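This report refers to the structure that appears directly beneath it.
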Amino acid sequence: MKIFEAAKAPIRWEERNVTAIRGPGGKWMIPPDAKESMDKNKIGLKGPLKTPIAAGHPSMNLLLRKTFDLYANVRPCVSIEGYQTPYTDVNLVTIRENTEGEYSGIEHVIVDGVVQSIKLITEQASKRIAEYAFEYARNNQRASVTAVHKANIMRMSDGLFLRKCREAAEKYKDVKFTEMYLDTVCLNMVQDPTQFDVLVMPNLYGDILSDLCAGLIGGLGVTPSGNIGANGVAIFESVHGTAPDIAGKDLANPTALLLSAVMMLRHMGLHGHAKKIETACFDTIRDRKVLTKDLGGNSKCSEFTEAICQKMKDMD
Amino acid sequence: MIPGDGIGPEISAAVMKIFEAAKAPITWEERNVTAIKGPGGRWMIPPDAKESMDRSKIGLKGPLKTPIAAGHPSMNLLLRKTFDLYANVRPCVSIEGYKTPYTDVDLVTIRENTEGEYSGIEHMIVDGVVQSIKLITENASRRIAEYAFEYARNNKRMSVTAVHKANIMRMSDGLFLRKCREVAENYKDIKFTEMYLDTVCLNMVQDPTQFDVLVMPNLYGDILSDLCAGLIGGLGVTPSGNIGANGVAIFESVHGTAPDIAGMDLANPTALLLSAVMMLRHMGLHDHADKIQTACFDTIRDKKVLTKDLGGSAKCSEFTAEICRRVQDLS
Numbered sequence: 001m002k003i004f005e006a007a008k009a010p011i012r013w014e015e016r017n018v019t020a021i022r023g024p025g026g027k028w029m030i031p032p033d034a035k036e037s038m039d040k041n042k043i044g045l046k047g048p049l050k051t052p053i054a055a056g057h058p059s060m061n062l063l064l065r066k067t068f069d070l071y072a073n074v075r076p077c078v079s080i081e082g083y084q085t086p087y088t089d090v091n092l093v094t095i096r097e098n099t100e101g102e103y104s105g106i107e108h109v110i111v112d113g114v115v116q117s118i119k120l121i122t123e124q125a126s127k128r129i130a131e132y133a134f135e136y137a138r139n140n141q142r143a144s145v146t147a148v149h150k151a152n153i154m155r156m157s158d159g160l161f162l163r164k165c166r167e168a169a170e171k172y173k174d175v176k177f178t179e180m181y182l183d184t185v186c187l188n189m190v191q192d193p194t195q196f197d198v199l200v201m202p203n204l205y206g207d208i209l210s211d212l213c214a215g216l217i218g219g220l221g222v223t224p225s226g227n228i229g230a231n232g233v234a235i236f237e238s239v240h241g242t243a244p245d246i247a248g249k250d251l252a253n254p255t256a257l258l259l260s261a262v263m264m265l266r267h268m269g270l271h272g273h274a275k276k277i278e279t280a281c282f283d284t285i286r287d288r289k290v291l292t293k294d295l296g297g298n299s300k301c302s303e304f305t306e307a308i309c310q311k312m313k314d315m316d
Numbered sequence: 001m002i003p004g005d006g007i008g009p010e011i012s013a014a015v016m017k018i019f020e021a022a023k024a025p026i027t028w029e030e031r032n033v034t035a036i037k038g039p040g041g042r043w044m045i046p047p048d049a050k051e052s053m054d055r056s057k058i059g060l061k062g063p064l065k066t067p068i069a070a071g072h073p074s075m076n077l078l079l080r081k082t083f084d085l086y087a088n089v090r091p092c093v094s095i096e097g098y099k100t101p102y103t104d105v106d107l108v109t110i111r112e113n114t115e116g117e118y119s120g121i122e123h124m125i126v127d128g129v130v131q132s133i134k135l136i137t138e139n140a141s142r143r144i145a146e147y148a149f150e151y152a153r154n155n156k157r158m159s160v161t162a163v164h165k166a167n168i169m170r171m172s173d174g175l176f177l178r179k180c181r182e183v184a185e186n187y188k189d190i191k192f193t194e195m196y197l198d199t200v201c202l203n204m205v206q207d208p209t210q211f212d213v214l215v216m217p218n219l220y221g222d223i224l225s226d227l228c229a230g231l232i233g234g235l236g237v238t239p240s241g242n243i244g245a246n247g248v249a250i251f252e253s254v255h256g257t258a259p260d261i262a263g264m265d266l267a268n269p270t271a272l273l274l275s276a277v278m279m280l281r282h283m284g285l286h287d288h289a290d291k292i293q294t295a296c297f298d299t300i301r302d303k304k305v306l307t308k309d310l311g312g313s314a315k316c317s318e319f320t321a322e323i324c325r326r327v328q329d330l331s
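Put into structure tokens, the structure is as follows:
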């Protein structure tokens, strides 16, 4: 929020807590004031939430996903100059269907020692995510969309997913459409990630690939993420953990949340401010003078933040 | 020896030549495994191939072409079912001289290869809603876990990591994980850890040296084994072994048949050769295995005689001759 203020970004923040509460009828839900705020504003920025262990309620991330029908998880992975990894020039986006697939949660014991887990693929969800991927590609001037699948093995389920992608591709002739097996994507990704652009895929594959790609650019500490929901809701979030061991000590790296906020600005059409903040952040990291510990330096979070604010003032 | 299709025959010939130069105590029985229709109309591998394998127990296989309108199922699938090839094993070791963004990769992926997500059981529930069933059984999970720990012990590996998503797939991956934990109890000399698949991928591309032996269900194995092959340079240099019930073991290169260069003496036999080395180790012939592997790695490291895919311009026969020469020098 400090960096946004320094950038004079036209954003007003409404802070809300989403810790689950029990609603009438005993069902777990996010607090009504949080829901009301999000339904009204449509756009949210979220930090890490701790996983409840014996809290009785389900994961808040899951609750948010269901409450706002957050069907698309979007992670742009761009190499950060100054933060060295074995790869340079990574510039791709993973778009993961986030409501069904392998994460349906439907499992049964058939007989003792035999368990089945059901993967559900529907025409609706596949069509929706495919259309989102092509829209995203078009709106962000991306050259191609690749559907990632295993339809050679899962002919019906991934086959359905693939068909919907092909159908959506017909409506977006300006965007190149390709298809690739998931294992081939992984094999090629670690040898030459520059061959990839926008990737769209079902839930589990998205879970894996989005983390793989985050690893290519340096990990969850520097990777932005956005969740797109029905009815125009979009929640951007850092995907790292809560890091309880350094909490409250002014040691944290705000890059992931900041880049997620930049993604948010772009989603809202505020490209000028997005560019300014992103450039200030990348320049600070490239300079390597003021870096938090995880980036290889020994600065405080406040110092790193201040350095970014300073760069923006210098840009004005 | 199942030479396979495309470049299969020439790389198989290369391997046999190198084995001869190394004086490896192997006699080869060449067989073709193209499916035929048996009595009753069911597709099967030719009886003489099955008989040979049941007797010898050990096989080396080149790439097989995927049948498109041939009417019969994939031969790889047929082989898997015929010999109950339940474990797919891929050791991934960085090859000095063949540069990738990683050095010092030295891990092994062990993939359960009979069930899981590849059960092939799918249904249309209603129009536009499809389900695909992932099956995990206690028996298969226990069997692959035991294989992984045995492998670790026999190959002096320090740890086995179970890769799973039991936080999401509580019952199925939960069962798999439980079996791994139970087996770990019988192998206290091996360190046992567990890691989510997504975390493995995240960490693998940042620092693969943290991994040793990895064991996992079918789909995760499919992905991770290819990911790891990519780390060391791709399918052209990656060995692979399939372990079956009743002592059968078939080692194979996992690249394609490369029809565009078949018969032109351009192919790179490294993947098949390293699979053959894996085979020798499986048979306890460690000296011959080391000799051949060293000759192969030295040739690549020297960068003087390399096939095109390795960055050189040598023919397959020249690359093979160079390895043979080194093998003889090492004897």
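For the record, the sequence lines run as chains D and V. In this text, residue positions in the first sequence follow the UniProt record's numbering: the first is 1, and each later residue adds one. In this text, residue positions in the second sequence follow the UniProt record's numbering: the first is 1, and each later residue adds one. Just so it is clear, CB atoms sit at the ideal spot from N, CA and C, and this is done for glycine as well. Bear in mind the structure is a predicted one, so any value in this text is a computation, not a measurement.
Interface partners of residue i on chain V, CB under 8 Å
{"i": "ARG155 (chain D)", "result": "GLU122"}
{"i": "THR122 (chain D)", "result": "GLY128, VAL129 and VAL130"}
{"i": "ILE208 (chain D)", "result": "LEU197, ASP198, CYS201 and ILE223"}
{"i": "LYS50 (chain D)", "result": "The premise fails here: LYS50 (chain D) is roughly 15 Å from chain V at the closest Cβ pair, so nothing lies under 8 Å."}
Contacts of residue i in chain D (Cβ-Cβ under 8 Å)
{"i": "ALA229 (chain V)", "result": "LEU187"}
{"i": "ARG170 (chain V)", "result": "GLU107"}
Proximal chain V residues relative to residue i, where beta-carbon distance stays under 7 Å
{"i": "ILE129 (chain D)", "result": "Here the premise fails: no neighbours, minimum Cβ distance about 14 Å."}
{"i": "ASP294 (chain D)", "result": "In chain order: nothing, as chain V lies at least about 12 Å away."}
{"i": "LEU160 (chain D)", "result": "VAL130"}
Nearest-angstrom Cα separation, counted from residue j out to residue i
{"i": "LEU231 (chain V)", "j": "VAL205 (chain V)", "result": "8 Å"}
{"i": "GLU167 (chain D)", "j": "VAL190 (chain D)", "result": "30 Å"}
{"i": "ASP112 (chain D)", "j": "VAL183 (chain V)", "result": "19 Å"}
{"i": "MET279 (chain V)", "j": "VAL130 (chain V)", "result": "41 Å"}
{"i": "LEU49 (chain D)", "j": "LEU63 (chain D)", "result": "12 Å"}
{"i": "PHE134 (chain D)", "j": "VAL145 (chain D)", "result": "7 Å"}
{"i": "ARG163 (chain D)", "j": "ALA169 (chain D)", "result": "10 Å"}
{"i": "LYS37 (chain V)", "j": "VAL126 (chain V)", "result": "35 Å"}
{"i": "VAL163 (chain V)", "j": "ILE11 (chain D)", "result": "43 Å"}
{"i": "ILE110 (chain D)", "j": "THR137 (chain V)", "result": "10 Å"}
{"i": "GLN293 (chain V)", "j": "ALA14 (chain V)", "result": "14 Å"}
{"i": "PHE149 (chain V)", "j": "PHE83 (chain V)", "result": "22 Å"}
{"i": "ALA166 (chain V)", "j": "GLU30 (chain V)", "result": "44 Å"}
{"i": "THR100 (chain V)", "j": "GLY215 (chain D)", "result": "16 Å"}
{"i": "ALA137 (chain D)", "j": "SER225 (chain D)", "result": "16 Å"}
{"i": "LEU182 (chain D)", "j": "LEU235 (chain V)", "result": "15 Å"}
{"i": "VAL305 (chain V)", "j": "SER94 (chain V)", "result": "19 Å"}
{"i": "SER119 (chain V)", "j": "ASP207 (chain D)", "result": "21 Å"}
{"i": "HIS282 (chain V)", "j": "SER56 (chain V)", "result": "13 Å"}
{"i": "LEU77 (chain V)", "j": "GLU20 (chain V)", "result": "31 Å"}
{"i": "LEU177 (chain V)", "j": "ASP211 (chain D)", "result": "22 Å"}
{"i": "MET154 (chain D)", "j": "ARG326 (chain V)", "result": "46 Å"}
{"i": "LYS134 (chain V)", "j": "GLU115 (chain V)", "result": "8 Å"}
{"i": "LYS249 (chain D)", "j": "ILE3 (chain D)", "result": "19 Å"}
{"i": "ILE168 (chain V)", "j": "ASP39 (chain D)", "result": "28 Å"}
{"i": "ALA125 (chain D)", "j": "ALA72 (chain D)", "result": "10 Å"}
{"i": "GLY128 (chain V)", "j": "ALA230 (chain D)", "result": "20 Å"}
Contacts that residue i makes with chain D (C-beta to C-beta distance below 9 Å)
{"i": "MET204 (chain V)", "result": "VAL190, LEU212 and GLY215"}
{"i": "ARG111 (chain V)", "result": "Result: empty, since nearest Cβ-Cβ is about 11 Å, beyond 9 Å."}
Residue i: contacting residues in chain D (beta-carbon distance under 7 Å)
{"i": "ASP212 (chain V)", "result": "Chain D residues near ASP212 (chain V): none, gap ~19 Å exceeds 7 Å."}
{"i": "LEU175 (chain V)", "result": "VAL115"}
Cβ distance (whole Å) where residue i is taken to contact residue j below 8 Å
{"i": "ILE2 (chain V)", "j": "ALA267 (chain V)", "result": "Their Cβ separation, rounded to whole angstroms, is 16 Å, which puts ILE2 (chain V) and ALA267 (chain V) out of contact at 8 Å."}
{"i": "THR67 (chain D)", "j": "LYS35 (chain D)", "result": "6 Å"}
{"i": "LYS42 (chain D)", "j": "GLY232 (chain D)", "result": "5 Å"}
{"i": "MET201 (chain D)", "j": "GLU123 (chain D)", "result": "No, MET201 (chain D) and GLU123 (chain D) are not in contact; Cβ-Cβ is about 16 Å, not under 8 Å."}
{"i": "SER253 (chain V)", "j": "SER275 (chain V)", "result": "6 Å"}
{"i": "ARG266 (chain D)", "j": "GLU81 (chain D)", "result": "Going by Cβ atoms, the distance from ARG266 (chain D) to GLU81 (chain D) rounds to 20 Å, so no, they are not a contact pair."}
Any C-beta of chain V within less than 8 Å: which residues of the stretch 227–242 of chain D qualify? none
Near-chain V residues of the stretch 78–91 of chain D - C-beta to any C-beta below 9 Å: THR85, PRO86 and TYR87
By the 8 Å beta-carbon criterion, what residues does the stretch 236–258 of chain V contribute toward chain D? none
Give a yes or no on contact between the stretch 282–289 of chain V and the stretch 20–29 of chain V, applying the rule of three or more CB pairs nearer than 8 Å. yes
Taking a Cβ distance cut-off of 7 Å, strictly less, list which residues of the stretch 76–90 of chain V are near chain D, in chain order. none
With three or more C-beta pairs closer than 8 Å as the rule, is the stretch 241–261 of chain D touching the stretch 281–297 of chain D? yes
How do the stretch 154–174 of chain V and the stretch 189–196 of chain V stand: do at least 3 beta-carbon pairs fall below 8 Å, yes or no? yes
For the stretch 173–186 of chain D, enumerate the residues whose C-beta is nearer than 8 Å to any C-beta of chain V, in chain order. LEU182, ASP183, THR184 and CYS186
Decide yes or no for the touch test of the stretch 85–97 of chain D against the stretch 196–203 of chain D: beta carbon pairs closer than 8 Å, at least 3 of them. yes
The stretch 104–117 of chain D: which residues have C-beta closer than 9 Å to a C-beta of chain V, in chain order? SER104, GLY105, ILE106, GLU107, HIS108, VAL109, ILE110, ASP112, GLY113, VAL114, VAL115, GLN116 and SER117
Using a beta-carbon distance cut-off of less than 8 Å, what residues from the stretch 139–156 of chain V approach chain D? ASN139
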